[in-house]
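Remarks on the structure that follows.
There are 2 protein chains.
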Amino acid sequence: MPADPHRSAAILSIGDEITLGQTLDTNSRWLSQRLLDAGVTVREHVTVPDDLGALTRAIERFTGASADRVDLLILTGGLGPTADDLTRDALAGVLREPLVDDPQALADLRRIFAGRDMPVANLVQARRPASAECLANPHGTAPGLHALFDTTDIFCLPGPPREMQPMFEGHVLPYLRRAPGESVVTRVLPTFGLGESEVARRLGDLMDRAREWANLPLVGTTASNGVVSIRIRATGDQHAAARAADGVADQCRGLVRPEWILSDSDRSLAAVVLDLLRERRQTLALAESCTGGLLGSMLTEVPGSSDVLWGGWITYANTAKASQLGVPRAILDAHGAVSAACARSMAEGALRQSGCDHALAITGIAGPAGGTESKPVGTVWIALASGGGPTIARRFLFMGDRQNVRVWSAQSALGLLRLRLIGREDCALLRERELA
Amino acid sequence: MPADPHRSAAILSIGDEITLGQTLDTNSRWLSQRLLDAGVTVREHVTVPDDLGALTRAIERFTGASADRVDLLILTGGLGPTADDLTRDALAGVLREPLVDDPQALADLRRIFAGRDMPVANLVQARRPASAECLANPHGTAPGLHALFDTTDIFCLPGPPREMQPMFEGHVLPYLRRAPGESVVTRVLPTFGLGESEVARRLGDLMDRAREWANLPLVGTTASNGVVSIRIRATGDQHAAARAADGVADQCRGLVRPEWILSDSDRSLAAVVLDLLRERRQTLALAESCTGGLLGSMLTEVPGSSDVLWGGWITYANTAKASQLGVPRAILDAHGAVSAACARSMAEGALRQSGCDHALAITGIAGPAGGTESKPVGTVWIALASGGGPTIARRFLFMGDRQNVRVWSAQSALGLLRLRLIGREDCALLRERELA
Numbered sequence: 001m002p003a004d005p006h007r008s009a010a011i012l013s014i015g016d017e018i019t020l021g022q023t024l025d026t027n028s029r030w031l032s033q034r035l036l037d038a039g040v041t042v043r044e045h046v047t048v049p050d051d052l053g054a055l056t057r058a059i060e061r062f063t064g065a066s067a068d069r070v071d072l073l074i075l076t077g078g079l080g081p082t083a084d085d086l087t088r089d090a091l092a093g094v095l096r097e098p099l100v101d102d103p104q105a106l107a108d109l110r111r112i113f114a115g116r117d118m119p120v121a122n123l124v125q126a127r128r129p130a131s132a133e134c135l136a137n138p139h140g141t142a143p144g145l146h147a148l149f150d151t152t153d154i155f156c157l158p159g160p161p162r163e164m165q166p167m168f169e170g171h172v173l174p175y176l177r178r179a180p181g182e183s184v185v186t187r188v189l190p191t192f193g194l195g196e197s198e199v200a201r202r203l204g205d206l207m208d209r210a211r212e213w214a215n216l217p218l219v220g221t222t223a224s225n226g227v228v229s230i231r232i233r234a235t236g237d238q239h240a241a242a243r244a245a246d247g248v249a250d251q252c253r254g255l256v257r258p259e260w261i262l263s264d265s266d267r268s269l270a271a272v273v274l275d276l277l278r279e280r281r282q283t284l285a286l287a288e289s290c291t292g293g294l295l296g297s298m299l300t301e302v303p304g305s306s307d308v309l310w311g312g313w314i315t316y317a318n319t320a321k322a323s324q325l326g327v328p329r330a331i332l333d334a335h336g337a338v339s340a341a342c343a344r345s346m347a348e349g350a351l352r353q354s355g356c357d358h359a360l361a362i363t364g365i366a367g368p369a370g371g372t373e374s375k376p377v378g379t380v381w382i383a384l385a386s387g388g389g390p391t392i393a394r395r396f397l398f399m400g401d402r403q404n405v406r407v408w409s410a411q412s413a414l415g416l417l418r419l420r421l422i423g424r425e426d427c428a429l430l431r432e433r434e435l436a
Numbered sequence: 001m002p003a004d005p006h007r008s009a010a011i012l013s014i015g016d017e018i019t020l021g022q023t024l025d026t027n028s029r030w031l032s033q034r035l036l037d038a039g040v041t042v043r044e045h046v047t048v049p050d051d052l053g054a055l056t057r058a059i060e061r062f063t064g065a066s067a068d069r070v071d072l073l074i075l076t077g078g079l080g081p082t083a084d085d086l087t088r089d090a091l092a093g094v095l096r097e098p099l100v101d102d103p104q105a106l107a108d109l110r111r112i113f114a115g116r117d118m119p120v121a122n123l124v125q126a127r128r129p130a131s132a133e134c135l136a137n138p139h140g141t142a143p144g145l146h147a148l149f150d151t152t153d154i155f156c157l158p159g160p161p162r163e164m165q166p167m168f169e170g171h172v173l174p175y176l177r178r179a180p181g182e183s184v185v186t187r188v189l190p191t192f193g194l195g196e197s198e199v200a201r202r203l204g205d206l207m208d209r210a211r212e213w214a215n216l217p218l219v220g221t222t223a224s225n226g227v228v229s230i231r232i233r234a235t236g237d238q239h240a241a242a243r244a245a246d247g248v249a250d251q252c253r254g255l256v257r258p259e260w261i262l263s264d265s266d267r268s269l270a271a272v273v274l275d276l277l278r279e280r281r282q283t284l285a286l287a288e289s290c291t292g293g294l295l296g297s298m299l300t301e302v303p304g305s306s307d308v309l310w311g312g313w314i315t316y317a318n319t320a321k322a323s324q325l326g327v328p329r330a331i332l333d334a335h336g337a338v339s340a341a342c343a344r345s346m347a348e349g350a351l352r353q354s355g356c357d358h359a360l361a362i363t364g365i366a367g368p369a370g371g372t373e374s375k376p377v378g379t380v381w382i383a384l385a386s387g388g389g390p391t392i393a394r395r396f397l398f399m400g401d402r403q404n405v406r407v408w409s410a411q412s413a414l415g416l417l418r419l420r421l422i423g424r425e426d427c428a429l430l431r432e433r434e435l436a
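Structure representation (structure tokens):
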């Protein structure tokens with residue numbers, strides 16, 4: 001009788017340095033992505049300190065007759081040579097087996113330390129529970145372990161990502177039993193310009209989680225820095241799942257409307273805008289006041305941005321706005337730096353001086369100080385000047401702290417340019433305010 | 001009878017995007033550090049998907065008569081307005097209470113949406129289990145929740161760090177009951193310019209974890225964006241612990257040497273440099289190529305930077321370097337943009353045009369493309385020009401990906417300026433390379 005496929009998994013990270021907050025666990029995320037691609041659903045991530053009792057209870061919870069039982073349990077960490085490395089002991093305890101020397105692992109260790117004295121402590125790394133197998137580690141001294149407990153496959157991998165990742169690729173992935181016709185297909189549609197609740201309202205019943213029971217693709221949303229991403233997940237036969245996911249993606253596009261959807265895949269707003277400019281062989285210059293370089297930083301974070309982005313000015317002081325971009329003293333005196341007139345003048349000055357096709361300008365009050373009754377903290381003017389088109393200036397009122405106002409300002413500037421590039425500057429972005 | 005102090009905690013993160021590997025959970029690490037500083041030991045991190053059953057089982061496992069019971073359970077995520085946000089329902093289920101409208105939370109929501117239609121979906125965010133209290137969220141629409149179940153305090157916080165962190169500081173920290181005579185005193189000494197292993201080598205036996213058994217303050221290091229922070233933790237009577245921590249901090253300063261220690265508290269390198277300039281009533285201008293505005297963004301992230309930072313130029317294209325900063329065509333042709341001569345010329349041009357006291361210039365190869373044998377990816381020239389002093393230019397070779405090179409470049413520029421301001425420009429920073 002062939003064994004059942006691996007469908008469910010849990011990931012157990014071990015180490016005081018993680019529960020004490022000294023180290024950020026990135027292994028669980030990496031493993032989740034790889035397992036999802038292999039058709040295995042990760043049900044839970046857990047991190048416990050270097051404590052034999054906690055570690056043993058955690059292993060037991062994911063095995064045997066527990067409600068949380070999974071097909072595949074992956075442990076990372078706790079395989080080192082010191083007294084606080086307890087993974088081997090915990091596994092032996094759960095299996096109710098003694099630890100024995102593994103001759104091959106011992107030979108590998110002696111080879112690694114060839115010509116140097118091996119600390120006695122390292123010998124423990126060649127020990128394994130009697131029924132377990134050691135997994136060779138070409139990148140470090142700690143071999144991995146694989147054991148079957150009841151019907152759960154348990155893999156113990158080293159904590160350092162540089163050792164863990166090749167061991168997963170070499171020993172876990174090839175071992176996985178895949179369900180015939182049970183692939184997991186995901187699609188991500190990033191959007192910008194609507195709030196998360198508005199995106200959800202438009203998606204309506206598509207977000208109903210009961211769809212899972214009818215084997216329909218699940219739809220969810222996540223929000224980060226103003227980008228609301230629609231996430232679609234379909235399971236089943238590879239082709240059928242891909243077709244179902246693509247069908248739902250088309251439905252999402254129709255419901256949310258294409259002008260708000262940035263891309264067919266998980267890309268940043270900056271990368272999307274750079275591509276739109278590149279397709280049109282157009283160039284961009286920046287004039288940043290309250291964002292102080294953040295917009296430029298977002299754009300230049302994308303590799304290859306140099307063929308589109310010419311550069312720009314950080315005109316934090318008013319004297320910089322006047323001397324570098326030619327903003328007239330009269331505008332600054334009459335309207336202040338946070339005004340439609342100043343934003344327009346900055347954008348047009350940047351366009352003129354750079355000779356680019358487009359120039360974006362941002363000027364606003366990021367806080368915490370500097371707000372007034374008529375211009376509260378969060379008030380930001382964004383202007384866009386383009387060769388052969390009218391200059392537009394829009395007023396926004398952003399919420400949150402200084403960094404939030406700055407991030408939303410830079411993103412909204414990119415959103416405004418994107419709407420012009422796709423010919424939809426009639427649309428209003430989230431947090432945009434009509435003038436009273 | 002006064003209630004027992006909060007000694008143990010668990011952190012429960014909620015969201016498909018985390019278990020699917022789409023998002024990296026950074027909240028658990030941040031919360032662990034803060035709880036540790038407050039004398040609360042984190043026993044476990046758990047992440048479950050947006051699944052009512054899994055979420056409910058996880059809450060129950062940390063409460064009541066369970067072996068895993070903790071004094072404090074902190075949930076993050078699942079408080080949004082959509083159908084896959086299930087934290088409210090799970091908490092109500094565990095408490096066996098109905099969800100009711102919270103009048104204050106409802107009023108707060110209406111205020112946030114003042115003048116605009118509030119999507120009906122958002123109304124659910126003003127609901128809470130009958131015995132729970134809502135926690136105001138000044139940075140978003142999702143209020144938090146606090147409830148007592150059996151003897152465990154449960155706090156539900158929003159997922160976005162920018163909303164979660166202030167809510168933790170404002171509502172969780174002040175609520176914690178500390179053990180009398182068991183204060184935890186922490187000190188953080190941020191350093192810049194040495195590697196983490198060199199800092200650890202200098203600290204020597206101070207980092208021995210066995211010191212805990214002798215009730216001596218523990219010393220650890222964490223590294224982030226080039227800043228290596230020395231963390232000191234002392235427990236005991238408030239005054240004795242503070243005295244012990246301060247004594248160890250003095251030892252650390254002596255061992256690591258004061259020129260590498262940025263501050264007596266946890267501050268960013270940018271904030272430290274802004275303070276040094278402010279004390280001297282000096283001003284700064286920037287000329288950024290490969291960092292593309294990142295240095296400006298780091299400086300302007302600090303509130304009140306406008307009295308020191310004049311502004312700068314993002315000269316990404318060579319034409320921008322020439323037209324805006326007056327870098328001679330001959331330098332670009334003979335040495336290329338990534339050269340000592342170009343960096344010097346950029347810094348001196350920025351100083352001249354801005355009339356500031358100091359100007360920093362950065363030009364380099366952030367990758368992934370653009371490297372050559374003589375100028376591999378990660379090669380960066382940083383120059384500093386100051387009124388009344390010689391212009392200096394230093395070559396660096398940074399490791400890692402594009403964003404890593406950019407962040408280290410901006411930080412090292414600040415580090416170089418700091419060394420000049422404290423009169424120690426004889427020191428070489430980490431990753432600085434002598435010219436062959």
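Chains A and B, in that order, give the protein sequences.
1 is the number of the first residue of the first sequence in the numbering used here; add one for each residue after it.
1 is the number of the first residue of the second sequence in the numbering used here; add one for each residue after it.
Glycine included, each C-beta is placed from N, C-alpha and C at the ideal position.
So, are the CB atoms of residue i and residue j less than 8 Å apart?
{"i": "B:Ser-8", "j": "B:Val-70", "result": "yes"}
{"i": "A:Leu-79", "j": "A:Cys-156", "result": "yes"}
{"i": "B:Ser-131", "j": "B:Gly-39", "result": "no"}
{"i": "A:Gln-125", "j": "A:Ala-147", "result": "no"}
{"i": "A:Gly-312", "j": "A:Ala-287", "result": "yes"}
{"i": "A:Arg-57", "j": "B:Ala-383", "result": "no"}
{"i": "B:Leu-414", "j": "B:Val-302", "result": "no"}
{"i": "B:Cys-252", "j": "B:Leu-203", "result": "yes"}
{"i": "A:Leu-262", "j": "A:Thr-191", "result": "yes"}
{"i": "B:Asp-504", "j": "B:Gly-181", "result": "With chain B covering 1 to 436 only, the question about residue 504 of chain B has no answer from this structure."}
{"i": "B:Tyr-316", "j": "A:Ser-354", "result": "no"}
{"i": "B:Asn-404", "j": "B:Phe-396", "result": "no"}
Of all Cβ atoms in chain A, is any one closer than 8 Å to the Cβ of residue i?
{"i": "B:Gly-122", "result": "According to the sequence provided, residue 122 of chain B is Asn. The question's Gly does not apply to it. Yes, B:Asn-122 lies at the interface with chain A (some Cβ there is under 8 Å from its Cβ)."}
{"i": "B:His-6", "result": "no"}
{"i": "B:Pro-303", "result": "yes"}
{"i": "B:Leu-286", "result": "yes"}
{"i": "B:Gln-104", "result": "no"}
{"i": "B:His-171", "result": "no"}
{"i": "B:Pro-258", "result": "no"}
{"i": "B:Val-48", "result": "yes"}
Does any residue of chain B bring its CB to less than 8 Å from the CB of residue i?
{"i": "A:Gly-77", "result": "no"}
{"i": "A:Tyr-316", "result": "yes"}
{"i": "A:Ala-436", "result": "Bear in mind that the predicted position of A:Ala-436 carries a pLDDT of just 45, short of 50, making it unreliable; the figure below should be weighed with that in mind. A:Ala-436 does not count as touching chain B."}
{"i": "A:Gln-282", "result": "no"}
{"i": "A:Asp-401", "result": "yes"}
{"i": "A:Pro-368", "result": "yes"}
{"i": "A:Arg-57", "result": "yes"}
{"i": "A:Glu-44", "result": "yes"}
- Item | Residues, ordered as in the chain, of the segment 288-299 of chain B that lie near chain A by beta-carbon distance below 9 Å | Glu-288, Ser-289, Cys-290, Thr-291, Gly-292, Gly-293, Leu-294, Leu-295, Gly-296, Ser-297, Met-298, Leu-299
- Taking only runs of the alpha helix (DSSP H) that begin and end inside the segment 284-323 of chain A, which ones reach a length of at least 4 residues, in chain order? 294-300
- Task: Just list the beta strand (DSSP E) runs in the segment 195-281 of chain B, keeping only unbroken ones of 3 residues or longer that don't cross its boundaries, in chain order.
- Result: 218-224, 227-236
- Item | Sequence ranges, alpha helix (DSSP H) only - wholly within the segment 93-171 of chain B, length at least 4 | 103-112, 161-167
- Query: Per the contact definition of three or more C-beta pairs closer than 8 Å, is the segment 23-41 of chain A in contact with the segment 91-100 of chain A?
  - Reply: no
- Validate contact between the segment 151-171 of chain A and the segment 217-231 of chain A using beta carbons, cut 8 Å, 3 pairs: no
- Just by C-beta distance, which residues in the segment 308-337 of chain B are closer than 9 Å to chain A? Leu-309, Trp-310, Gly-311, Gly-312, Trp-313, Ile-314, Thr-315, Tyr-316, Ala-317, Thr-319, Ala-320, Lys-321, Ser-323, Gln-324
- Query: Quick one: complete beta strand (DSSP E) runs, 3+ long, within the segment 13-48 of chain A?
  - Reply: 41-48
- Task: Pair every Cβ in the segment 376-395 of chain B with every Cβ in the segment 242-250 of chain B, then say whether three or more of these pairs are closer than 8 Å.
- Result: no
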